[in-house]
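Below is one structure, written out as C-alpha coordinates; the observations come after it.
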Amino acid sequence: MTSILASLAIVGTSVSPLPADSLDACGLFTREEVTALAGENARKPRAFSTNPAMHSSCTTTSSTGKWTVKVYIERSPDAQVQKMALDALKKVGGLQPVSGLGDQAWWGQLSPTNGQFHVIIGLTMVSIQTWGEAPGAGTPEKTRPIADIVIKRYRERYGQ
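Note that our numbering has the sequence shown beginning at 2, numbered continuously upward.
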(Lines of atoms letter the chains of each structure in order from A; the text may use other names.)
(Lines give C-alpha, C1' and ligand atoms only; values in the text may rest on other atoms or scores of the structure.)
Protein backbone atom coordinates (compact mmCIF):
# COMPACT_ATOMS: atom_id res chain seq x y z
CA MET A 2 0.00 0.00 0.00
CA THR A 3 2.93 2.34 0.63
CA SER A 4 3.90 2.24 -3.05
CA ILE A 5 0.33 3.05 -4.06
CA LEU A 6 0.31 6.04 -1.70
CA ALA A 7 3.65 7.21 -3.07
CA SER A 8 2.41 6.93 -6.65
CA LEU A 9 -0.77 8.80 -5.81
CA ALA A 10 1.16 11.51 -3.99
CA ILE A 11 3.29 12.11 -7.07
CA VAL A 12 0.29 12.70 -9.33
CA GLY A 13 -1.59 14.75 -6.71
CA THR A 14 -2.63 18.29 -7.50
CA SER A 15 -3.42 21.36 -5.49
CA VAL A 16 -7.03 22.40 -5.09
CA SER A 17 -8.82 25.71 -4.83
CA PRO A 18 -11.26 26.41 -2.02
CA LEU A 19 -14.91 26.28 -3.08
CA PRO A 20 -17.93 27.92 -1.51
CA ALA A 21 -19.37 25.76 1.28
CA ASP A 22 -22.74 25.74 -0.52
CA SER A 23 -21.36 24.06 -3.65
CA LEU A 24 -20.29 20.42 -3.32
CA ASP A 25 -18.08 19.02 -6.09
CA ALA A 26 -17.19 15.33 -5.81
CA CYS A 27 -15.17 15.44 -9.06
CA GLY A 28 -12.90 18.06 -7.51
CA LEU A 29 -11.74 15.60 -4.84
CA PHE A 30 -9.76 13.20 -7.05
CA THR A 31 -8.13 13.27 -10.47
CA ARG A 32 -8.07 11.04 -13.49
CA GLU A 33 -4.31 10.64 -12.96
CA GLU A 34 -4.82 9.38 -9.41
CA VAL A 35 -7.26 6.75 -10.62
CA THR A 36 -4.75 5.79 -13.34
CA ALA A 37 -2.09 5.28 -10.65
CA LEU A 38 -4.50 3.23 -8.52
CA ALA A 39 -5.76 1.04 -11.37
CA GLY A 40 -2.42 0.65 -13.13
CA GLU A 41 -4.03 1.61 -16.45
CA ASN A 42 -5.46 4.75 -18.03
CA ALA A 43 -8.63 6.18 -16.56
CA ARG A 44 -11.51 7.91 -18.27
CA LYS A 45 -12.51 11.48 -17.46
CA PRO A 46 -14.57 11.61 -14.22
CA ARG A 47 -18.31 12.20 -14.75
CA ALA A 48 -20.32 14.33 -12.34
CA PHE A 49 -23.89 13.64 -11.29
CA SER A 50 -25.58 16.20 -9.07
CA THR A 51 -29.16 17.29 -8.58
CA ASN A 52 -28.57 19.75 -5.74
CA PRO A 53 -24.93 20.82 -5.33
CA ALA A 54 -25.69 22.41 -1.96
CA MET A 55 -26.69 18.99 -0.52
CA HIS A 56 -25.05 16.25 -2.61
CA SER A 57 -22.64 15.54 -5.40
CA SER A 58 -21.44 12.36 -7.07
CA CYS A 59 -18.56 11.59 -9.41
CA THR A 60 -17.58 8.34 -11.13
CA THR A 61 -14.71 7.28 -13.35
CA THR A 62 -13.58 3.96 -14.78
CA SER A 63 -10.31 2.60 -16.02
CA SER A 64 -9.86 2.32 -19.79
CA THR A 65 -10.72 -1.39 -19.75
CA GLY A 66 -13.64 -0.91 -17.37
CA LYS A 67 -12.04 -3.26 -14.83
CA TRP A 68 -11.81 -0.51 -12.16
CA THR A 69 -14.47 1.98 -11.13
CA VAL A 70 -14.11 4.72 -8.52
CA LYS A 71 -17.15 6.61 -7.24
CA VAL A 72 -17.22 9.45 -4.73
CA TYR A 73 -20.55 10.54 -3.26
CA ILE A 74 -20.97 13.50 -0.91
CA GLU A 75 -24.15 14.07 1.08
CA ARG A 76 -24.57 17.00 3.44
CA SER A 77 -27.24 16.66 6.14
CA PRO A 78 -29.26 19.72 7.21
CA ASP A 79 -28.75 18.89 10.90
CA ALA A 80 -27.33 16.28 13.28
CA GLN A 81 -30.68 14.50 13.74
CA VAL A 82 -31.12 13.88 10.01
CA GLN A 83 -27.52 12.71 9.77
CA LYS A 84 -28.03 10.30 12.68
CA MET A 85 -31.13 8.83 11.01
CA ALA A 86 -29.24 8.30 7.74
CA LEU A 87 -26.29 6.74 9.55
CA ASP A 88 -28.55 4.47 11.62
CA ALA A 89 -30.26 3.27 8.42
CA LEU A 90 -26.89 2.57 6.83
CA LYS A 91 -25.72 0.61 9.88
CA LYS A 92 -28.89 -1.54 9.80
CA VAL A 93 -27.84 -2.86 6.41
CA GLY A 94 -25.06 -4.54 8.33
CA GLY A 95 -21.51 -5.57 7.67
CA LEU A 96 -19.94 -2.19 8.40
CA GLN A 97 -16.55 -2.26 10.09
CA PRO A 98 -15.27 0.81 11.98
CA VAL A 99 -12.16 2.43 10.48
CA SER A 100 -9.75 4.85 12.13
CA GLY A 101 -7.87 7.75 10.61
CA LEU A 102 -10.55 8.97 8.20
CA GLY A 103 -12.78 11.90 9.17
CA ASP A 104 -14.66 12.20 12.46
CA GLN A 105 -16.02 8.66 12.10
CA ALA A 106 -15.62 6.09 9.34
CA TRP A 107 -16.72 2.59 8.33
CA TRP A 108 -15.84 0.10 5.61
CA GLY A 109 -18.64 -1.83 3.93
CA GLN A 110 -17.84 -4.83 1.74
CA LEU A 111 -20.75 -5.11 -0.71
CA SER A 112 -19.32 -8.11 -2.58
CA PRO A 113 -15.85 -9.63 -3.02
CA THR A 114 -15.08 -7.01 -5.70
CA ASN A 115 -17.15 -4.05 -4.46
CA GLY A 116 -16.67 -2.04 -1.27
CA GLN A 117 -16.78 1.46 0.13
CA PHE A 118 -15.72 3.74 2.92
CA HIS A 119 -18.39 5.88 4.57
CA VAL A 120 -16.72 8.87 6.22
CA ILE A 121 -18.42 11.41 8.48
CA ILE A 122 -16.97 14.93 8.60
CA GLY A 123 -19.20 17.32 10.53
CA LEU A 124 -22.66 17.06 8.98
CA THR A 125 -21.36 15.52 5.76
CA MET A 126 -20.96 11.90 4.71
CA VAL A 127 -18.40 11.20 2.01
CA SER A 128 -18.55 7.72 0.47
CA ILE A 129 -15.62 6.40 -1.55
CA GLN A 130 -16.40 3.21 -3.47
CA THR A 131 -14.36 1.00 -5.80
CA TRP A 132 -15.45 -2.03 -7.76
CA GLY A 133 -14.54 -4.09 -10.79
CA GLU A 134 -12.81 -7.19 -12.11
CA ALA A 135 -9.21 -6.04 -11.57
CA PRO A 136 -7.19 -7.61 -8.73
CA GLY A 137 -7.97 -5.81 -5.47
CA ALA A 138 -10.91 -3.84 -6.83
CA GLY A 139 -13.42 -3.20 -4.09
CA THR A 140 -11.04 -4.03 -1.23
CA PRO A 141 -10.19 -1.70 1.65
CA GLU A 142 -6.47 -2.03 0.87
CA LYS A 143 -6.86 -0.71 -2.68
CA THR A 144 -9.63 1.78 -1.86
CA ARG A 145 -7.92 3.41 1.14
CA PRO A 146 -5.28 5.38 -0.84
CA ILE A 147 -7.92 7.16 -2.94
CA ALA A 148 -10.08 7.61 0.19
CA ASP A 149 -7.17 9.33 1.96
CA ILE A 150 -6.78 11.75 -0.98
CA VAL A 151 -10.53 12.44 -1.20
CA ILE A 152 -10.87 13.17 2.52
CA LYS A 153 -7.75 15.36 2.58
CA ARG A 154 -9.08 17.41 -0.36
CA TYR A 155 -12.55 17.60 1.15
CA ARG A 156 -11.06 19.15 4.30
CA GLU A 157 -8.93 21.57 2.23
CA ARG A 158 -11.90 22.70 0.15
CA TYR A 159 -14.61 22.82 2.76
CA GLY A 160 -12.55 23.48 5.88
CA GLN A 161 -14.08 20.84 8.11
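Beta carbons: idealized from backbone N, C-alpha and C, even for Gly. Here the structure is a predicted model, which is why all the values come from computation and not from measurement.
Beta-bridge pairing of residue i - partner residues as DSSP gives them
i, result
"Q110", "G116"
"P98", "W107"
"T131", "V70 and G116"
"T125", "R76 and I122"
"A48", "C59"
"A26", "Answer is none; A26 lacks a bridge partner."
"A54", "Per DSSP, none; premise fails for A54."
"A43", "S63"
Contacts around residue i, its chain only, beta-carbon distance under 6 angstroms, and the 5 residues preceding and following it disregarded
i, result
"T61", "V35, A43, R44, P46 and V70"
"A125", "Checking the sequence shown, residue 125 turns out to be Thr, not Ala. Excluding sequence neighbours, T125 sits near R76."
"T131", "V70, A138, G139 and T144"
"F49", "S58"
The ligand ATP heavy atom lying under 7 angstroms from the CB of residue i
i, result
"G103", "Within the structure as shown, the ligand ATP is missing, as the structure has no ligands at all."
Same chain, Cβ closer than 7 angstroms to residue i, five either side skipped, listed in chain order
i, result
"G109", "G95, L96, G116, Q117 and H119"
"Y155", "L29, I122 and V127"
"E41", "S63, S64 and T65"
"I162", "A question about residue 162 goes unanswered here, because the residues of the chain that appear run from 2 up to 161."
"A39", "S63, W68 and A135"
Assumed close pair residue i, residue j - CB separation to whole angstroms, cut-off 8 angstroms
i, j, result
"S63", "D25", "About 22 angstroms; that fails the 8 angstroms criterion."
"I150", "L102", "The Cβ separation is near 11 angstroms, so there is no contact."
Contacts around residue i, its chain only, beta-carbon distance under 8 angstroms, and the 5 residues preceding and following it disregarded
i, result
"A148", "L102, F118, V120 and I129"
| task | Kindly confirm or deny that the segment 27-38 and the segment 96-108 touch, where touching means at least three C-beta pairs closer than 8 angstroms. | result | no
| query | Can at least three beta-carbon pairs, one atom from the segment 132-146 and one from the segment 76-85, be found at a separation below 8 angstroms? | reply | no
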